[in-house]
Amino acid sequence: MNIPQDRSYTKDHEWVKIEGNRVTVGITDYAQQQLGDIVFVENPMEGDEVQEGDSFSVLESVKAAADVYSPLAGVVVGVNEELENDPSLINSDPYGEGWLAIFEMEEGTEIPDLMNADEYAVFVKEQE
Amino acid sequence: MEQLKKTPLYQQHVAAGGKVVDFGGWALPVQYSGILEEIAAVRKQAGLFDVSHMGEIMVTGPNAGDWLQYMLTNDISKLVDGQVLYTMMCYPEGGVVDDLLVYRYNADKYLLVVNASNAEKDWQWLNEHVKDGVTLENISDDTAQLALQGPLAQQVLQKLCKEDLDDIGFFYFRDQLDLGGVKALVSRTGYTGEDGFEIYCQPADAPALWDAILAAGDKQVLPCGLGSRDTLRFEANLPLYGQEISRDITPLEARLGFFVKLKKGDFIGRDALARQKEEGLKRRLVGLTMVERGVPRTDYPVYDEADNQVGHVTTGSYSPTLDENIANALVDSQHIQEGTKLWVGVRKRRLEARVTKLPFYKREGK
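Those protein sequence lines, which keep their order, are chains A and B. Residue 65 in the numbering used here sits at position 65 of the first sequence, and the numbers go up by one each step. Residue 27 in the numbering used here sits at position 27 of the second sequence, and the numbers go up by one each step.
1. Counting pairs of beta carbons, one from the region 60 to 77 of chain B and one from the region 118 to 136 of chain B, are three or more of them closer than 8 Å?
2. Hey, methionine 58 (chain B) and leucine 111 (chain B): beta-carbon distance below 8 Å or not?
3. Do alanine 215 (chain B) and cysteine 201 (chain B) have their beta-carbon atoms positioned less than 8 Å apart in this structure?
4. In chain order, what residues of the same chain lie with their CB nearer than 6 Å to the CB of alanine 65 (chain A), ignoring the 5 residues before and after it?
5. Inspect the CB distances between the region 225 to 237 of chain B and the region 163 to 173 of chain B and report whether three or more fall short of 8 Å.
6. I want to verify the contact list: residues of chain B whose CB lies under 8 Å from the CB of glutamate 52 (chain A), in sequence order.
7. When you compare each of B:Asn74, B:Asp248, B:Ala236, B:Thr60 to arginine 363 (chain B) by their alpha carbons, which one comes out closest?
8. Looking at chain B, which residues of the region 26 to 52 of chain A have a Cβ within less than 7 Å of any of its Cβ atoms?
9. If we define contact as Cβ-Cβ less than 8 Å, is tyrosine 318 (chain B) a contact residue for chain A?
10. I think leucine 148 (chain B) touches serine 33 (chain B), with their Cβ atoms under 8 Å apart; what is that distance to the nearest whole Å?
11. Which of the residues in the region 19 to 45 of chain B, read from start to end, lie with their CB under 9 Å from any CB of chain C?
12. Identify whether glycine 227 (chain B) lies in helix, strand or coil by the three-state DSSP scheme.
13. Output, in sequence order along the chain, the residues in the region 295 to 318 of chain B whose CB is closer than 9 Å to any CB in chain A.
14. Could you name the residues of the region 220 to 243 of chain B whose beta carbon sits closer than 9 Å to any beta carbon of chain A, in the order they occur along the chain?
15. Using a Cβ cut-off of 8 Å, pull out every chain B residue sitting near lysine 125 (chain A), in sequence order please.
16. So what does DSSP say about lysine 44 (chain B), is it helix, strand or coil?
17. Can you confirm whether alanine 65 (chain A), when its beta carbon is compared against all beta carbons of chain B, has any partner nearer than 8 Å?
18. From which residue to which residue does the beta strand (DSSP E) around valine 14 (chain B) run?
19. If I measure Cβ to Cβ from threonine 143 (chain B) and keep anything under 6 Å in the same chain, skipping five residues before and after, which residues do I get?
20. If the cut is a Cβ gap below 8 Å, which residues of chain B does glutamate 60 (chain A) touch?
21. Taking only the alpha-carbon atoms, compute the straight-line gap between glutamine 31 (chain B) and aspartate 271 (chain B) and give it to the nearest angstrom.
22. So, using beta-carbon positions, are leucine 285 (chain B) and threonine 250 (chain B) closer together than 8 Å?
23. Evaluate isoleucine 326 (chain B) with the Cβ neighbour count: other Cβ atoms within 10 Å of its Cβ, from every protein chain shown; 16 or more gives buried, anything less gives exposed.
24. What does DSSP give as the partner residue(s) for glycine 78 (chain A) in the beta ladder?
25. Closest by CA to aspartate 195 (chain B), which one among B:Ala206, B:Tyr303, B:Arg349, B:Ala46?
26. Over what stretch of residues does the beta strand (DSSP E) that includes alanine 116 (chain B) continue unbroken?
27. Quick one: grab the DSSP three-state call for glutamine 154 (chain B).
28. Between which residues of its own chain and isoleucine 39 (chain B) is the CB-CB distance below 7 Å, once the five residues before and five after are set aside?
29. Given this structure, state the Cα-to-Cα distance separating phenylalanine 259 (chain B) from asparagine 74 (chain B), to the nearest angstrom.
30. DSSP three-state call for asparagine 328 (chain B): helix, strand or coil?
31. So for serine 140 (chain B), helix, strand or coil by DSSP?
32. Provide the residue span of the alpha helix (DSSP H) that contains alanine 352 (chain B), from first to last.
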């Protein structure tokens, strides 16, 4: 199981990479394995205002559709359009080319309940 | 997983990394290497499925044939020894109890292969109607079933078998074939739209047979899960009980009228189905191809141009073989014309689709 040290993780098996007010979000290696081959992505729109816990993206495997819930409140400022042509990027490179969206948060916002890589590794073990 | 029923191949699934899930009370693999890879293997090479959860009921006795003719919608009297028939079993109201295969051993001996999810209900239904001169035996627990499907299926199975498999035609079977030391019933049937075989054997023999087929396949045969099986059957327009047919959906509505022989004599459901045919069908199953981006799923609503709901999706999926998003939908009969525009409600949006010709997928040369 690949869990890079350079970012934080949520209990919904998403990763977040915080750079100032900008936060890039994707799903973890564990999450993509659980979903299986992803064949369709419904992206958010740039400018979408999202509350914490809102579904901002839908990932569909051959068998089912899965909502991705936002770990933060913010505005979508970046969308990975490449996923519409090649949804399998989420399977092959979940932490890189398979990123889902970039959000801009208000100044001083904190994202609650984040785990570091080691904590997330323990969390995943408990799930299994 | 503890409370789930296990097939004789459970250890094979776990050992080979199958993703085992609760499949209607059975611990079965939804996938092995990946659904896309498994679908491609069955379409281009071959795949091996454990379908031991299916139900098997033996029907014997001097009145077995006549009685089945009354219980089932297709014409059993046309069967010869060693032949297989696909049929519905209906309620008096015309809805479907189950869809099943009938194997004729001889005039007094038949095997019914029924859906796992309906096996108990079928067993009760048959027993409620059983007559003198007919004996029923539920042999589900004493029967394992493997399905080897795909263009290489025959070539691979032939390596384990001295008899020429060319002698088994489409929807025919041979009993007591020797497959590398295992005695099995082999039929040229399946649920994927490809050439292939369904193989029935003793549970104790199943692991050895499973391993022998994979070894004979020499990496060309992939172990496959039930996830790929469902997409394969859907692409080939094979119905799934509970989705395309059910107690509330008749075979005529589901475009399975070919398997309902209204002129063969009396059978359960005939009057209702004959009436439905005479009065005209109010709704029918159609194929939909999505025009706008989006994946249709079971139970999503279907709308006409004026945004009235005119039906629902029975099965929908991305089709890896066609690289399109497709669906079966049960819709009001005025919307069944090929090319008709319909809209599928996908979450909050209405996405445009077209009524298309069925089946979505048909293998070459068939």
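Glycine included, C-beta positions come from ideal geometry on N, C-alpha and C.
Answer, in terms of the structure:
1. yes
2. Position 58 of the second sequence, counted from the first residue, corresponds to residue 58 (chain B). Position 111 of the second sequence, counted from the first residue, corresponds to residue 111 (chain B). Cβ atoms of methionine 58 (chain B) and leucine 111 (chain B): closer than 8 Å.
3. Here residue 201 (chain B) corresponds to residue number 201 of the second sequence, with the count starting at 1. Here residue 215 (chain B) corresponds to residue number 215 of the second sequence, with the count starting at 1. Their beta carbons are not under 8 Å apart, which means cysteine 201 (chain B) does not touch alanine 215 (chain B) by this criterion.
4. For the purposes of this step, residue 65 (chain A) is identified with residue 65 of the first sequence, where counting begins at 1. Its chain contains Val58 as the residues whose beta carbon lies nearer than 6 Å to that of alanine 65 (chain A), once the 5 sequence neighbours on both sides are disregarded; these appear in chain order.
5. At 8 Å Cβ cutoff, the stretches do not touch.
6. Position 52 of the first sequence, counted from the first residue, corresponds to residue 52 (chain A). None at all; the shortest Cβ gap to chain B is about 20 Å.
7. To locate residue 363 (chain B), count along the second sequence from 1; it is residue 363. Checking every option, the nearest Cα to that of arginine 363 (chain B) belongs to B:Ala236.
8. Residues of the region 26 to 52 of chain A with a C-beta atom less than 7 Å from some C-beta of chain B are Gly36, Asp37, Val39, Phe40, listed in chain order.
9. Locating residue 318 (chain B) in the second sequence gives position 318, counting from the first residue. It does; some Cβ of chain A falls within 8 Å.
10. The residue you call residue 148 (chain B) lines up with position 148 of the second sequence. The residue you call residue 33 (chain B) lines up with position 33 of the second sequence. With a Cβ gap of about 17 Å, leucine 148 (chain B) and serine 33 (chain B) do not count as contacting.
11. This model lacks chain C altogether, as its protein chains are A and B.
12. By one-based count along the second sequence, residue 227 (chain B) stands at place 227. In this structure, glycine 227 (chain B) counts as helix in the three-state DSSP scheme.
13. Residues passing the 9 Å Cβ filter: Val295, Arg297, Ser317, Tyr318.
14. Gly227, Ser228, Asp230, Thr231
15. Residue mapping note: residue 125 (chain A) aligns to position 125 of the first sequence, counting from 1. Those within 8 Å of lysine 125 (chain A) in chain B number zero; the least Cβ separation is about 18 Å.
16. Locating residue 44 (chain B) in the second sequence gives position 44, counting from the first residue. It is helical.
17. As a position in the first sequence, residue 65 (chain A) is number 65, starting the count at 1. Yes, alanine 65 (chain A) counts as interfacial toward chain B.
18. Here residue 14 (chain B) refers to the residue found at position 14 of the second sequence. Taken as a continuous stretch (DSSP letters only), valine 14 (chain B) belongs to no beta strand (DSSP E), being part of the alpha helix (DSSP H) at 10 to 15.
19. Translated into positions along the second sequence, residue 143 (chain B) becomes position 143. Only Glu56, Tyr200 meet the Cβ criterion.
20. Residue mapping note: residue 60 (chain A) aligns to position 60 of the first sequence, counting from 1. Near glutamate 60 (chain A) (Cβ distances below 8 Å), the residues of chain B are Val295, Tyr318.
21. Numbered from 1 along the second sequence, position 31 holds the residue referred to as residue 31 (chain B). Numbered from 1 along the second sequence, position 271 holds the residue referred to as residue 271 (chain B). Those two C-alpha atoms are separated by around 43 Å.
22. Translated into positions along the second sequence, residue 285 (chain B) becomes position 285. Translated into positions along the second sequence, residue 250 (chain B) becomes position 250. Their beta carbons are not under 8 Å apart, which means leucine 285 (chain B) does not touch threonine 250 (chain B) by this criterion.
23. Along the second sequence, read from residue 1 onward, the residue named residue 326 (chain B) stands at position 326. With 16 or more Cβ atoms within 10 Å of its Cβ, isoleucine 326 (chain B) is classed as buried.
24. One-based indexing of the first sequence puts residue 78 (chain A) at position 78. DSSP links glycine 78 (chain A) through a beta bridge to A:Ile102.
25. In the second sequence, the residue the question calls residue 195 (chain B) occupies position 195. When each option's Cα is compared against that of aspartate 195 (chain B), the closest is B:Ala46.
26. As a position in the second sequence, residue 116 (chain B) is number 116, starting the count at 1. Premise fails: alanine 116 (chain B) is in no beta strand (DSSP E) and is neither H nor E.
27. The residue given as residue 154 (chain B) occupies position 154 in the second sequence. Helix at glutamine 154 (chain B).
28. For this step, residue 39 (chain B) is matched to residue 39 along the second sequence. The residues are Ser228, Thr231, Leu232, Pro320, Thr321.
29. Along the second sequence, one-based indexing puts residue 259 (chain B) at 259. Along the second sequence, one-based indexing puts residue 74 (chain B) at 74. Rounded to the nearest angstrom, the two C-alpha atoms are 5 Å apart.
30. Numbered from its first residue, the second sequence carries residue 328 (chain B) at position 328. Of the three classes helix, strand and coil, the one that applies to asparagine 328 (chain B) here is strand, per DSSP.
31. Taking the second sequence and counting its residues from 1, one reaches residue 140 (chain B) at position 140. Reduced to three states, the DSSP call for serine 140 (chain B) is helix.
32. Along the second sequence, one-based indexing puts residue 352 (chain B) at 352. For the sequence presented, residue 352 (chain B) should be read as glutamate rather than alanine. Judged by DSSP secondary structure, glutamate 352 (chain B) falls outside any alpha helix (DSSP H) and instead within the beta strand (DSSP E) spanning 349 to 356.
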